[in-house]
Amino acid sequence: MKLVKTIFVLAVFLLMISSCLQEEKSNLILLSPEIPKDVPLIFAPDIITVDSLLEGSITFSPEMDEIFFNQRKPRESHNVYTIKWVNGSWTTPQLARFSTNTKYLDVHPRFNPQGNRLYFGSRRPLPDTTETSGFHQWYVDKNENGWGEPVPMAKPLVDRWIMCVTASENGNLYYTSREEGQKPENEGIYFALNQEGKLGPSQKMGKEINEPGTWIAHPYIAPDESYIIYDAERTSIPENGDLYISFNKNGVWSESYSLGPEINTDLSENAATVSPDGKYLFFSRGEEKVRDDGSTYWLADLYWVDFIRLRERIEKTNMK
1 MKLVKTIFVL AVFLLMISSC LQEEKSNLIL LSPEIPKDVP LIFAPDIITV
51 DSLLEGSITF SPEMDEIFFN QRKPRESHNV YTIKWVNGSW TTPQLARFST
101 NTKYLDVHPR FNPQGNRLYF GSRRPLPDTT ETSGFHQWYV DKNENGWGEP
151 VPMAKPLVDR WIMCVTASEN GNLYYTSREE GQKPENEGIY FALNQEGKLG
201 PSQKMGKEIN EPGTWIAHPY IAPDESYIIY DAERTSIPEN GDLYISFNKN
251 GVWSESYSLG PEINTDLSEN AATVSPDGKY LFFSRGEEKV RDDGSTYWLA
301 DLYWVDFIRL RERIEKTNMK
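Using full-length UniProt numbering, read the sequence shown as starting at 1 and increasing by one per residue.
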């Protein structure tokens, strides 16, 4: 009798573990047939990552039940698409309600850690105007009725060129920017502190992040600001962006470390984000292609990799 009870308890325990593991993976496993470990895999093939398209940034709601991502068709503009987890399955990708005008560029969507605001960049006209005045950062807020209307970011960020805003839990913002008159390749990573609900002045991060190299861009800040990931060109190979990470130790940023040869290749890697549970790193990997008429275009795919194992490996190797 004791043996029967023991077997029954063990069976229930194993069933519970299996159920928990299945629940943990269920959302993403329906998008990708295999969970990555040390080697990056294409994310959501034929659903989000489509061979003939250019896929860029991706961002997840805190519950990981809503995804926004960039996608561009050949000879068309970038737009933001979305899918949702509804009744145990993912919806079909569709244009986000704020990104249905394919005339204007919309790029780099980023959730704030609370999940109630989504930042993105756009060339759409500012309010009360009919023509685009260039590239600006916008946001949409979420309420009980869903996503609201896009709003351009206020001062001091509306007065300077910025791109790819990412927010920490305390409301500090990190982004790509450059000084007036600088060439685009000399852009870098900047930040603005949340000062009682208002943003402070734009400040450039130190040389630990912004030197050496060119095209230093697309930051992702950890919600607790314990690390920042970004891309930069630091090799002699043209158009060869790679991903780097710097750790925040007691308010001091470490030197930046390459994410390693499994991530950084002869192709261009950029626009990294991390899933809200901290388990997976997502990034774009692509290259420039040449058409028959000699014109060029970019193709890129979204990849994902186990970030916990990657971070442990980098810290063990470099943070002694």
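Ideal Cβ placement from N, Cα and C applies to all residues, glycine included. Just so you know, these numbers come straight off a predicted model, no measurement behind them.
> Nearest to Gly56 by CA position, among Ser284, Leu199, Ser295 and Asp128, is which residue?
Replying inline: For Gly56, the nearest C-alpha among the options comes from Ser284.
>> Just to confirm, is the Cβ distance from Ile216 to Ile189 under 8 Å?
In response: Yes, the pair counts as a contact, with Cβ atoms nearer than the cut-off.
> Whose C-beta lies closer than 7 Å to the C-beta of Ser256 among residues of the same chain, with five residues either side of it excluded?
Replying inline: Glu208, Ile209, Tyr244, Ile245 and Ser246, listed in sequence order.
> When DSSP labels each residue in this structure, what does Lys204 get in the three-state scheme?
Replying inline: The three-state secondary structure of Lys204, taken from DSSP, is strand.
>> Rounded to whole angstroms, what is the Cα-Cα separation between Gly148 and Tyr139?
In response: Gly148 and Tyr139: Cα-Cα distance of roughly 9 Å.
> Of the choices Asp46, Val80 and Gly241, whose alpha-carbon is the least far from that of Phe60?
Replying inline: The residue with the shortest Cα to Cα distance from Phe60 is Val80.
> What's the gap between the Cα of Trp102 and the Cα of His136?
Replying inline: One detail in the question is off: residue 102 reads as Thr in this sequence, not Trp. In a straight line, the C-alpha of Thr102 is about 16 Å away from that of His136.
> When the Cβ atoms of the region 32 to 39 are set against those of the region 268 to 277, are three or more pairs found closer than 8 Å?
Replying inline: With a cut-off of 8 Å, the region 268 to 277 and the region 32 to 39 do not count as touching, because too few Cβ pairs lie within range.
> Whole beta strand (DSSP E) runs in the region 202 to 246 with 3 or more residues, listed along the chain?
Replying inline: The qualifying runs are 214 to 221 and 227 to 233.
>> Quick check: what's the CA-CA separation for Lys316 versus Gly181?
In response: In this model, Lys316 and Gly181 are separated by some 41 Å (Cα to Cα).
> Nearest-angstrom Cα distance between Tyr297 and Lys289?
Replying inline: If I take the Cα positions, the gap works out to 5 Å.
>> Considering only DSSP beta bridges, list what Leu118 is partnered with.
In response: For Leu118, which the question treats as bridged, DSSP gives the partners Phe111 and Val140.
> Roughly how far, in whole angstroms, is the beta-carbon of Ile67 from the beta-carbon of Thr82, given that I think they are within contact range, below 8 Å?
Replying inline: The C-beta separation of Ile67 from Thr82 comes to about 6 Å, placing the pair in contact by the 8 Å criterion.
> Would Gly251 be called buried (16 or more neighbouring beta carbons within 10 Å of its own) or exposed?
Replying inline: Per the 10 Å Cβ criterion, exposed.
> Buried or exposed: where does Pro109 fall if 16 or more other Cβ atoms within 10 Å of its Cβ makes it buried?
Replying inline: Looking at its Cβ environment, which holds 16 or more other Cβ atoms inside 10 Å, Pro109 is buried.
> Ile17 by DSSP, collapsed to three states: which one?
Replying inline: Here the model assigns Ile17 a pLDDT of 38, short of 50, so the residue's position is not dependable, and the following value carries that caveat. Shown here, Ile17 sits in a helix according to DSSP, grouped into three states.
> Is Lys183 helix, strand or coil when you go by DSSP?
Replying inline: The DSSP-derived three-state label of Lys183 is coil.
>> Between which two residues does the beta strand (DSSP E) holding Arg285 run?
In response: In the DSSP assignment, Arg285 falls within the beta strand (DSSP E) that extends over Tyr280 to Val290.
> What is the residue span of the beta strand (DSSP E) that Lys84 lies within?
Replying inline: Secondary structure note for Lys84: its beta strand (DSSP E) is the uninterrupted segment Asn79 to Val86.
>> For Glu185, count the other beta carbons within 10 Å of its own beta carbon; 16 or more makes it buried, fewer makes it exposed. Which is it?
In response: Glu185 counts as exposed, since fewer than 16 other C-beta atoms from the protein chains shown sit within 10 angstroms of its C-beta.
> Just to confirm, are Tyr119 and Val50 a CB contact at a threshold of 8 Å?
Replying inline: Result no, Cβ atoms of Tyr119 and Val50 do not sit closer than 8 Å.
> What number of angstroms, rounded off, separates the C-alpha of Phe282 from the C-alpha of Ile47?
Replying inline: The alpha-carbon of Phe282 is positioned some 15 Å away from that of Ile47.
> In three-state terms, what does DSSP make of Leu10?
Replying inline: Note that Leu10 scores a pLDDT of 45, beneath 50, so its modelled location is shaky; the value from the coordinates is reported in the next line. DSSP places Leu10 in the helix class (H, G or I) of the three-state scheme.
>> Given the structure, does Gly294 come close to the ligand FAD, in the sense that its CB is under 7 Å from one of the ligand's heavy atoms?
In response: No copy of the ligand FAD occurs in the structure displayed, which carries no ligand at all.
> Where do the N-terminal and C-terminal ends of the beta strand (DSSP E) with Asn70 fall, by residue?
Replying inline: Start and end: Glu66 to Arg72.
>> Using only CA atoms, which one of His218, Ile308 and Glu144 lies nearest to Leu173?
In response: Comparing Cα-Cα distances from Leu173 to each of His218, Ile308 and Glu144, the minimum goes to His218.
> When DSSP labels each residue in this structure, what does Asp159 get in the three-state scheme?
Replying inline: Helix, per DSSP.
> By Cβ distance below 6 Å, which residues in the same chain neighbour Leu21 in space, the five residues on each side in sequence not counted?
Replying inline: At Leu21, the pLDDT of 41 sits below 50, so the modelled position is not reliable; the number obtained from the coordinates is stated separately. Result list for Leu21: empty, nothing under 6 Å.
> Residue range of the alpha helix (DSSP H) that Leu302 falls in?
Replying inline: For Leu302, there is no enclosing alpha helix (DSSP H); the residue is part of the beta strand (DSSP E) that begins and ends at Thr296 to Asp306.
>> With distance defined between alpha-carbon atoms, name the residue in Thr176, Asp277, Gly286 and Tyr220 nearest to Gln203.
In response: Closest option to Gln203, judged by alpha-carbon separation, among Thr176, Asp277, Gly286 and Tyr220: Thr176.
>> Less than 6 Å between C-beta atoms, sequence neighbours within five positions excluded: which residues of the same chain meet that for Ala192?
In response: Cβ neighbours of Ala192 within its own chain (closer than 6 Å, five residues either side excluded): Leu173, Leu199, Gly200 and Ser202.
> Going by DSSP, which residues form a beta bridge with Ala192?
Replying inline: Leu173.
> Leaving out the 5 sequence neighbours to the left and right, which residues in its chain are closer than 7 Å to Thr91 when beta-carbon positions are compared?
Replying inline: Within the same chain, Thr91 has close Cβ partners Ile83 and Lys84.
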